[in-house]
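Visitor: Pasting a structure below so you can have a look.
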Ligand code: AMP
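In my numbering, the protein residues as written are 278 to 466.
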């Protein structure tokens, strides 16, 4: 295991957040962590261990490792959450909807009917932040109409969805980590 990979679990960060006991997967240069506010069960994030804001900041080795990790984790998540498909999304920069300044790939397991229409998941992904692209914004569904539809689909306002407790996230991270070979599991304290 490399020096980078063997860093103490408590030193892992998602931007300024400590992500202790949320990491279920690790590779030499990347981590898989459970989400504070998942859009659907099994919505996880794949991040580089190094804290950098933009995709263009990554080295070719980090890009390769991030995508190889995404492929490995996606197979497990799709099976575990009995999904039929996946969305893989990177919001690369604030004007693209990025709210946490640390590269992160959203891995979202999808099942038919979870979001109607299916692409509505992108509105949900962006629902904490209005885009600064006002042309695109003017042409899209109003916030009020979207919120009303989300309420009908999910029974709750997606913007107001509750952050999960650290215990709930740790339970999921521990459960998911056991689905990976020992050397790939996240470390817990
Ligand atoms: P984005 O809008 O693309 O920057 O996505 C940020 C993602 O990070 C959202 O899915 C949030 O729910 C998630 N998130 C924010 N803070 C944390 C945290 N401390 N731990 C885990 N996930 C987080």
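Backbone N, C-alpha and C fix where the C-beta goes; we use that ideal spot for every residue, glycine too.
Nearest by alpha-carbon distance to residue 368: which of 298, 317 and 323 is it?
Guide: Your numbering for residue 368 matches position 91 in the chain shown. Nearest C-alpha to residue 368: 323.
Visitor: Between which two residues does the alpha helix (DSSP H) harbouring residue 301 extend?
Guide: Counted from its first residue, the chain shown places residue 301 at position 24. Segment 300 to 303 is the beta strand (DSSP E) holding residue 301; no alpha helix (DSSP H) there.
Visitor: Count the other C-beta atoms from every protein chain shown that fall within 10 angstroms of the C-beta of residue 325, then say buried if there are 16 or more, exposed otherwise.
Guide: To locate residue 325, count along the chain shown from 1; it is residue 48. Buried, by the Cβ-count rule.
Visitor: In three-state DSSP terms, what is residue 327?
Guide: The count along the chain shown starts at 1 and reaches residue 327 at position 50. Here residue 327 sits in coil by DSSP.
Visitor: May I have a chain-ordered list of the beta strand (DSSP E) segments no shorter than 3 residues that lie completely inside the segment 313 to 357?
Guide: Runs of the beta strand (DSSP E) inside the segment 313 to 357: 321 to 325.
Visitor: Whose CA, out of 389, 344, 401 and 395, lies closest to the CA of residue 375?
Guide: Residue 375 sits at position 98 when you count from the first residue of the chain shown. Of the candidates 389, 344, 401 and 395, the one whose C-alpha sits nearest the C-alpha of residue 375 is 401.
Visitor: Grab the span of the alpha helix (DSSP H) containing residue 311 for me, first residue to last.
Guide: Position 34 of the chain shown, counted from the start, is the residue given in the question as residue 311. Counting along the chain, residue 311 falls outside any alpha helix (DSSP H), though it belongs to the beta strand (DSSP E) covering 307 to 311.
Visitor: With a 10 Å radius around its C-beta and 16 neighbouring C-beta atoms as the bar for buried, classify residue 301 as buried or exposed.
Guide: The sequence position of residue 301 within the chain shown is 24, counting from 1. Its Cβ being crowded by 16 or more others within 10 Å, residue 301 is buried.
Visitor: Measure the Cβ-Cβ separation of residue 336 and residue 382 and say whether it is below 7 Å.
Guide: As a working mapping, residue 336 is identified with position 59 in the chain shown. As a working mapping, residue 382 is identified with position 105 in the chain shown. Not in contact: residue 336 and residue 382 (Cβ atoms no closer than 7 Å).
Visitor: Can you say whether residue 390 is buried or exposed, counting buried as having 16 or more other CB atoms within 10 angstroms of its CB?
Guide: Translated into positions along the chain shown, residue 390 becomes position 113. Burial call: exposed.
Visitor: Can you pull the DSSP bridge partners for residue 290?
Guide: Within the chain shown, numbered from 1, the residue matching residue 290 stands at position 13. Answer by DSSP bridge pairing, in chain order: 295.
Visitor: If we count the other Cβ atoms within 10 Å of its Cβ and call it buried at 16 or more, is residue 361 buried or exposed?
Guide: As a working note, residue 361 is residue 84 in the chain shown. The residue is exposed, with fewer than 16 neighbouring Cβ atoms inside 10 Å.
Visitor: Please state the DSSP three-state secondary structure of residue 461.
Guide: Indexing the chain shown from 1 puts residue 461 at position 184. Residue 461: helix per DSSP, three-state reduction.
Visitor: With DSSP run on the structure shown, which of helix, strand or coil describes residue 386?
Guide: The sequence position of residue 386 within the chain shown is 109, counting from 1. Three-state DSSP puts residue 386 in a strand.
Visitor: What is the DSSP secondary structure of residue 362, reduced to helix, strand or coil?
Guide: As a first step, residue 362 is located in the chain shown; it is residue number 85 there, counting from the start. Three-state result, residue 362: strand.
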